[in-house]
Structure formats: C-alpha cells, structure tokens
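Working notes, beginning with the structure itself.
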Amino acid sequence: MVEGSEMSSSRDKILQRIDQALGNRTDSTDDVVERRYHQISELTAQEKVNLFQERVDEYKAATERVSEGELPGKLKKLCEEAGIKKLVLPPGIDENWLSELPKSMTFLHDEPQPLSKTQLNESDAVLTNCFLGVAQTGTIILNAGPGQGRRVLTLLPDIHICVIRQDQIVGILPEAIRKLDQTVSESGAPVTFISGPSATSDIELDRVEGVHGPRKLHVFIISES
Amino acid sequence: MKKGSQPTFEETAGTYIENAQLRRNIGHATKTIRDKRQLVVQELDDWEELREAGRQIKQKVMNNLDRYLLQLEKSVSKAGGVVHWAADAEDANRIITNLIKEKKGTDVVKVKSITTDEIRLNQALENEGIHALETDLAELIVQLAGDEPSHILVPAIHKNRAEIRELFKSKLNLKELSDEPADLAEAARLYLRKNFLKAKVGISGGNFAVAETGTVAVVESEGNGRMCTTLPDTLITVLGIEKIVPEWKDIEVFMQLLPRSSTAERMNPYNTFWTGTTEGDGPQKFHLVLLDNGRTNVLDDETGRQTLHCIRCSACLNVCPVYERTGGHAYHSVYPGPIGAILTPQLRGLDDRSAASLPYASSLCGACYEVCPVKINIPEVLLHLRNKVVLHQKKEGGFRQKTDPVHLAMKFLARAFSKRSRYERLQKMGRAGQWFYKKDGTISKLPGQLSKWTAIRDVKPVPEKTFREWWRDRK
Ligand code: SF4
C-alpha cells in the first residue's frame with residue numbers, strides 16, 4: 000500500500016488505480032470508432048408509417064390511422080368504449096383534439112397547479128403527443144415538450160393515448176438519436192422511449208402486459224392519405 | 000487463510016443438476032429466449048457492424064477510463080446532480096446509507112440492479128433499519144422468498160407459477176389468488192403502487208452513462224424503473240465505473256444491441272434517460288455513486304480487461320450448455336453463466352476459492368463469444384484465467400497444493416514431452432507395463448491416481464509399433 004493512502008479519498012484512489020492499470024498509454028484519446036452500421040434509413044415516408052404501425056401493433060398496443068379532422072371523433076369513441084371519465088392533459092396539448100369530448104368528462108390540467116400523485120393515480124387516462132416515432136422498432140419517444148408534459152403524467156394513469164403525426168416518424172434508431180441531440184445536450188430534459196405497454200415475462204416467461212406503467216397504450220397516427 | 004466461505008462450482012453443481020424442476024424451468028427459459036433472439040438479430044443486416052462499433056466504443060472507454068469519469072463527473076454536476084466515488088462495496092453502502100438517513104427516509108423503492116446486489120446493499124441498509132423494497136416483479140419474488148436471483152434477466156426463473164402463488168398468498172396476505180401470471184402480476188402491481196406513491200427515496204442502477212452530457216439510462220420492461228426514477232424526491236443511482244460511454248451518439252449503438260440480445264425484443268418497453276435534475280419533473284435531488292469494487296483490478300489485466308465491456312445482456316447465459324444444466328445458483332455469485340465465470344474471479348480475486356473455480360465451469364465451446372453483442376472473447380479470458388489460477392495456487396498454495404498429483408503429473412509429462420528420447424522411453428515403459436491392464440484392446444482401469452482418469456473413460460494402449468518406429472524401420 001502506498002503510504003498515506005488511507006488519507007486520500009476514494010476518488011483519488013480510483014483514479015490512481017486506473018492510471019496504474021493503464022500504464023504507459025499511447026495517446027489514444029482520439030481513437031475513432033468505425034460506424035459502418037446504417038445511420039440513415041432508405042424507407043419512403045409511406046413505408047415508414049406502415050412499418051411503424053405494424054411494429055407498434057406487435058407490442059400489443061392499439062393503433063389507429065386517422066386524418067386530422069377525424070381525430071376528435073375517434074377520440075370521443077375511444078373514451079366512451081374504454082370508459083374514460085377523467086382525462087389528464089399536459090400543458091400545450093392541442094385543444095382542437097378535445098372538441099367532441101362530452102362536457103361531462105373531467106379534464107385534469109397540469110397547469111397552473113401541477114396535479115398531485117393521488118389525482119394522477121385516480122385518473123383513467125392521459126392524452127399526449129410525442130417528439131418522435133421510430134419505425135423499425137415501433138418506439139414512441141417523449142422529451143417532455145409541449146403536449147407531453149412531466150414524466151409522471153404518462154406513468155400513473157392506466158391508459159396512455161398518444162398522438163403522432165406521420166412526419167414525426169423516422170426509419171431507424173440512429174436518426175432518432177441525432178434528433179435528440181439538442182434535448183440532451185442543451186435543455187437536459189428527460190427522454191423516455193416507449194415501445195408498447197409495460198410488460199413482464201418474469202413468471203415462466205409468459206408475457207403479461209401491464210405491470211407498473213400504463214396497462215394500455217393507444218396510438219393515433221395522423222396521416223393524410 | 001482462504002477467503003470466502005462459498006462452495007466451489009464443482010462442489011454443488013451436481014446438486015443443482017439433479018433438481019429436475021429447476022432444470023426444466025431453466026432449460027425452457029434459455030431455449031425460448033435463445034430462439035427469439037436469433038429471429039430479431041437476423042432482422043438487422045448490419046448486426047456485425049453494430050457489434051464491432053460496440054466493441055470499439057467500449058475499448059475506447061477502457062483505454063481512457065479516468066478521463067471519461069472526470070468528464071462525467073463534470074457534466075452530471077453541471078446538470079444538477081451530485082457525484083460520489085466508492086472504492087469498494089463498504090464505501091458505496093456507507094455513502095448510500097448516509098444519503099438516505101439525511102433524508103430521514105425509511106421507505107426506499109429500488110429497481111433491479113445487479114450492481115447493488117454485488118455490494119449487498121439491501122443487507123447493509125437493513126442493518127441500519129432501512130428497508131429497500133425491490134419493485135421488479137422477479138426481484139420482489141426473490142426478496143419475498145428470501146432467495147437468490149438465478150438469472151441476470153429473469154431472476155426468478157427457478158420458480159414456477161404455483162410456487163409464486165403460494166408465496167404471494169402468505170407474504171402479501173391475499174386470501175384468493177389464482178396462479179395465472181396476469182393475476183399474479185396484478186397482485187404485485189397493487190401492492191407496489193402504494194409503496195411507489197409514498198416513497199421518498201429511489202435507488203437504481205444504470206445501464207449507460209454518457210460522459211459528454213451526463214445523461215444516465217435505465218433500460219427496463221415493467222415500468223418500475225420509470226416509477227423509481229420519477230416519483231421519489233431523491234434518486235440515488237449506483238453505477239459501475241465501466242458503464243460509461245463517451246458520447247450521446249453511442250447510445251444508438253447500444254440501444255440496438257442490448258434489447259435484441261437481452262429480452263430478444265426490437266426494443267424493450269421502457270427506456271428512461273435523464274440528465275441531472277429537471278425543475279418540476281422527477282426527483283429534485285440526484286446522486287450518482289461511481290463504484291470501483293474490483294473493476295480497476297480487471298482493468299489492470301490486459302487480456303481480462305475486455306470483461307469490462309459487458310453490457311449485462313445475458314445472451315451468453317442463454318446459449319451456455321453448462322449454465323443451461325446447472326442454472327445460476329451453482330456459480331455462487333451475482334454474476335452467473337459465462338460472464339460470471341470470467342468476471343467474478345477477477346472482481347473477487349483468486350484467493351477466493353469459490354470464484355477461482357469458475358473459469359473451469361465451461362466446455363470452451365465458444366457459443367458465448369459468438370452471441371456477445373460487444374464481442375467479448377470469453378473463451379480466451381477463461382483460458383487466461385485458468386492459467387492464472389494454476390500459477391496462483393502454485394505460488395500461494397501450501398505443501399498440499401504444490402504436491403497435488405495433477406500438478407506433479409503435468410510437470411512430469413511436460414518433462415517427458417520436451418525431448419524425443421524421453422518420450423520414446425516412456426512409451427516403451429508403458430508398453431511393457433500395460434499388458435496387465437489391457438483387455439480386448441482397451442484399458443478401462445488404471446491403478447492408483449491414474450484410476451481417476453479411467454473412471455469415466457477408456458484409454459487406448461500404447462500400440463505394438465508406434466508411427467515413429469514404423470517410419471524409422473520403413474527403409
Ligand atoms: S458477456 Fe457479452 S453476452 Fe454475456 S452478458 Fe455480457 S455483453 Fe451479454
């Protein structure tokens with residue numbers, strides 16, 4: 000043991016051990032990583048939206064293709080069928096989407112007063128938009144932007160209704176990661192990837208949808224064709 | 000004195016193999032995941048390029064580990080987090096205990112993390128009167144049963160639904176409960192939801208930490224990871240120092256490699272990435288504990304160093320013919336299977352006889368290397384470690400180790416093989432002595448120490464004329 004090492008902090012100890020382990024280092028600070036994997040997808044816009052829908056479906060989420068104008072009606076229908084009475088709304092959500100929902104429903108706005116955990120826990124569903132979708136993996140990406148809100152809003156309600164526009168769908172993950180650059184390095188906002196409803200295969204590898212997060216994920220894809 | 004009271008692999012593997020239920024469960028699990036993995040990996044025509052990029056990124060990290068750790072410390076602090084350094088398990092447990100006590104919290108929720116299992120955090124907290132509730136369904140099962148996890152990914156794979164039902168009925172005080180997985184999951188959901196809502200402190204591990212931005216990632220399925228990293232006021236994340244990646248861009252490589260190798264999905268249900276703290280969203284206090292606990296020893300060995308590339312996907316477990324038969328418990332380590340066989344002895348040191356037995360728990364078939372998403376050459380490290388174990392025992396061992404018949408025999412053979420004349424003399428001696436043991440052209444029973452060799456195999460006798468003799472006499 001080096002003398003006086005009890006005095007030195009764990010930080011110094013670890014850094015010193017690393018330095019010793021690495022020995023005489025050639026200056027490798029710039030070793031370049033070869034990124035020969037695909038970084039851009041070759042899918043057309045139409046292929047992307049089709050693949051996205053197919054892959055989200057495979058996770059046992061529900062998807063519906065709608066036009067901008069159809070959305071309010073479809074949303075109304077979903078709320079009726081699923082028995083949604085209390086709907087959580089993040090700041091910045093498009094009010095037009097709500098135009099056909101019955102006045103008897105309770106709308107829980109997270110603004111100006113943030114909703115309590117109990118209120119969220121007792122709600123039926125949350126409606127959000129999203130930042131991006133990834134076709135290849137059927138992933139929805141949230142970055143706490145307007146229309147998405149705090150992370151807890153999409154966590155405690157039992158149903159997550161998410162609206163995505165066709166032009167928000169990228170082909171493969173590297174494209175999405177590049178678009179998130181600004182979020183992580185500038186605003187530092189949290190990022191959540193959602194691929195289907197929560198699930199577990201912990202009991203005899205039988206997949207069960209819905210453990211801790213929302214048990215149902217319903218995705219409306221706005222596409223104009 | 001020899002460290003560690005744990006048995007060696009050899010000592011208990013037999014007992015686990017004889018447990019038919021266990022073997023069935025593990026066999027079913029590994030086969031299912033193995034087949035599914037194959038399908039989702041085949042889908043990507045750039046899989047090999049991704050693996051290679053993953054390997055190179057990790058290599059770059061290890062070659063500059065100190066630099067990246069300092070960069071991470073800076074970026075996390077800038078984003079509002081607090082970084083702590085823990086040289087060993089004791090250090091880490093002390094830091095975490097103090098943080099929780101400061102918060103006057105006794106209700107702590109925890110998301111599955113092998114790193115915290117490695118430092119026995121739950122036990123350390125329990126000793127201080129703090130109960131850390133495991134919130135992953137499988138970990139909850141293991142915790143309620145007072146058991147040990149048996150697989151990195153599906154820790155309760157050794158328990159079947161009937162066993163889980165009985166466990167929940169008695170521990171969660173439920174009168175009626177079926178053994179349907181959906182009902183069992185529902186019971187756990189209700190029980191845990193209450194606890195999530197009141198918890199003041201959350202503890203997590205981390206899959207990746209980006210040095211450049213300070214972003215930490217938790218990759219999961221159930222949503223308990225999101226709960227633990229979002230609901231409490233304080234979040235404590237324990238991160239092995241090898242979990243670092245240099246840039247945000249690197250995430251695109253690992254988030255393709257990990258889910259497909261691990262749960263055999265294109266993407267697992269939830270991934271959370273957070274950068275320090277965010278006002279009004281999630282925990283307002285974030286502590287990142289950087290853990291060494293033997294990792295710098297691994298770094299110190301140039302061949303063994305690649306072990307630190309591991310992203311804990313568990314693909315190597317699912318293809319291992321040894322693991323498939325013994326299950327995880329036979330490894331007596333939180334890291335079972337092929338990765339455990341190389342990581343455990345390096346972390347714990349070769350004085351630990353249980354850990355030192357693990358490099359032998361392999362047939363060196365190489366399946367683990369083939370599936371490893373970051374191309375760790377596990378067979379190479381296994382052989383390297385076997386060599387180290389032998390040298391270590393010779394050096395540190397007492398008279399018994401030095402006069403171990405295997406060592407002596409190997410020494411003797413090495414001498415015999417080193418010179419033609421010695422080798423041929425030995426053959427002649429063998430030919431003269433073997434008539435007594437030869438029966439129908441084979442030898443099935445040798446005397447003394449050599450009987451161990453023939454206990455499970457027959458030996459061919461030295462032929463009347465060897466090839467060398469024939470070659471010489473041919474003219
Ligand atoms: S060694 Fe490779 S295959 Fe095994 S768990 Fe680690 S990353 Fe996965």
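Order-wise, the sequence lines are chains A and B.
Residue 0 is where the first sequence starts when you use numbering that gives the first Met the number 0, and the numbers rise one by one after that.
Residue 0 is where the second sequence starts when you use numbering that gives the first Met the number 0, and the numbers rise one by one after that.
Positions of the beta carbon are idealized from the N, C-alpha and C atoms, including for glycine.
Asked, Found
"Rounded distance between the beta-carbons of B:N223 and B:D135, thought under 8 Å", "6 Å"
"Beta-bridge pairing of B:E219 - partner residues as DSSP gives them", "B:Y269"
"Contact with chain A by B:S487, beta-carbon distance below 8 Å", "Chain B is shown only over 0 to 474; residue 487 of chain B falls outside these bounds and no answer can be derived."
"Boundaries of the beta strand (DSSP E) in which A:R164 is found, first to last residue", "158-164"
"Boundaries (first-last residue) of the alpha helix (DSSP H) holding B:H383", "377-395"
"Near ligand 1: B:P258 beta-carbon under 7 Å from a heavy atom", "no"
"Per-residue burial, B:F285 [other beta carbons within 10 Å of its own, 16 or more giving buried]", "buried"
"CA nearest to the CA of B:H27, picked from B:G326, B:P6, B:Y422, B:R54", "B:G326"
"Ligand 1 heavy atom lying under 7 Å from the CB of B:A314", "yes"
"Counted within 10 angstroms of its Cβ, other Cβ atoms place B:D350 as buried (16 or more) or exposed", "exposed"
"Per-residue burial, B:G432 [other beta carbons within 10 Å of its own, 16 or more giving buried]", "exposed"
"Minimum Cβ-Cβ distance from B:N267 to chain A less than 8 Å", "yes"
"Integer-rounded CB distance, given that A:S222 should sit under 8 Å from A:V48", "6 Å"
"Residue nearest to B:V237 in terms of C-alpha spacing, selected from B:L407, B:I94, B:R385", "B:I94"
"Any chain B beta carbon closer than 8 Å to A:L14", "yes"
"Best match in B:I250, B:V218, B:I140 for proximity to B:R171 [C-alpha to C-alpha]", "In the sequence as displayed, the identity of residue 171 of chain B is Leu instead of Arg. For B:L171, the nearest C-alpha among the options comes from B:I140."
"Contacting residues, own chain, Cβ-Cβ under 8 Å from A:I13 (five flanking each side not counted)", "none"
"Where B:S203 sits in the DSSP three-state scheme", "strand"
"Chain B contact for A:I139 (CB, 8 Å cutoff)", "no"
"Chain-order list of residues whose beta-carbon lies under 8 Å from that of A:G3 (same chain, five-residue window excluded)", "Residue confidence for A:G3 is low, a pLDDT of 39 falling below 50, so the modelled location carries little weight and cannot support an answer."
"Proximity test, Cβ basis, 8 Å: B:I163 and chain A", "yes"
"Interface positions of the stretch 183-197 of chain A facing chain B (Cβ-Cβ less than 9 Å), listed along the chain", "V183, S184, S186, G187, A188, P189, V190, T191, F192, I193, S194, G195, P196, S197"
"Any chain B beta carbon closer than 8 Å to A:H37", "yes"
"Segment contact flag, the stretch 50-60 of chain B with the stretch 341-358 of chain B, C-beta cutoff 8 Å, min 3 pairs", "no"
"Length of the line joining the Cα atoms of A:T127 and A:H217", "11 Å"
"Within-8 Å CB hit, B:R160 to chain A", "yes"
"Near-chain A residues of the stretch 273-290 of chain B - C-beta to any C-beta below 7 Å", "W273, T274, G275, T277, G279, D280, G281"
"Helix, strand or coil at A:T105 [DSSP, three-state]", "strand"
"CB of B:D472 within 8 Å of CB of A:A20, strictly", "no"
"C-beta neighbour in chain A for B:D34, strict 8 Å", "no"
"Where B:D476 meets chain A, residues with beta-carbon distance less than 7 Å", "Outside the shown range of chain B (0 to 474) lies residue 476 of chain B, about which nothing can therefore be said."
"Listed by chain order, chain B residues near A:T199 by CB distance under 7 Å", "L136, A184, S220, E221"
"A:K215: CB within 7 Å of a non-hydrogen atom of ligand 2", "As presented, the structure is devoid of ligand 2, carrying ligand 1 as its sole ligands."
"Length-filtered (4 minimum) alpha helix (DSSP H) runs lying within the stretch 26-60 of chain A", "44-57"
"Min CB distance B:P478 to chain A below 8 Å", "Look at the range of chain B in this structure, 0 to 474, and you will see that residue 478 of chain B is not part of it."
"Segments assigned beta strand (DSSP E), at least 3 residues, entirely inside the stretch 56-113 of chain B", "81-85, 106-109"
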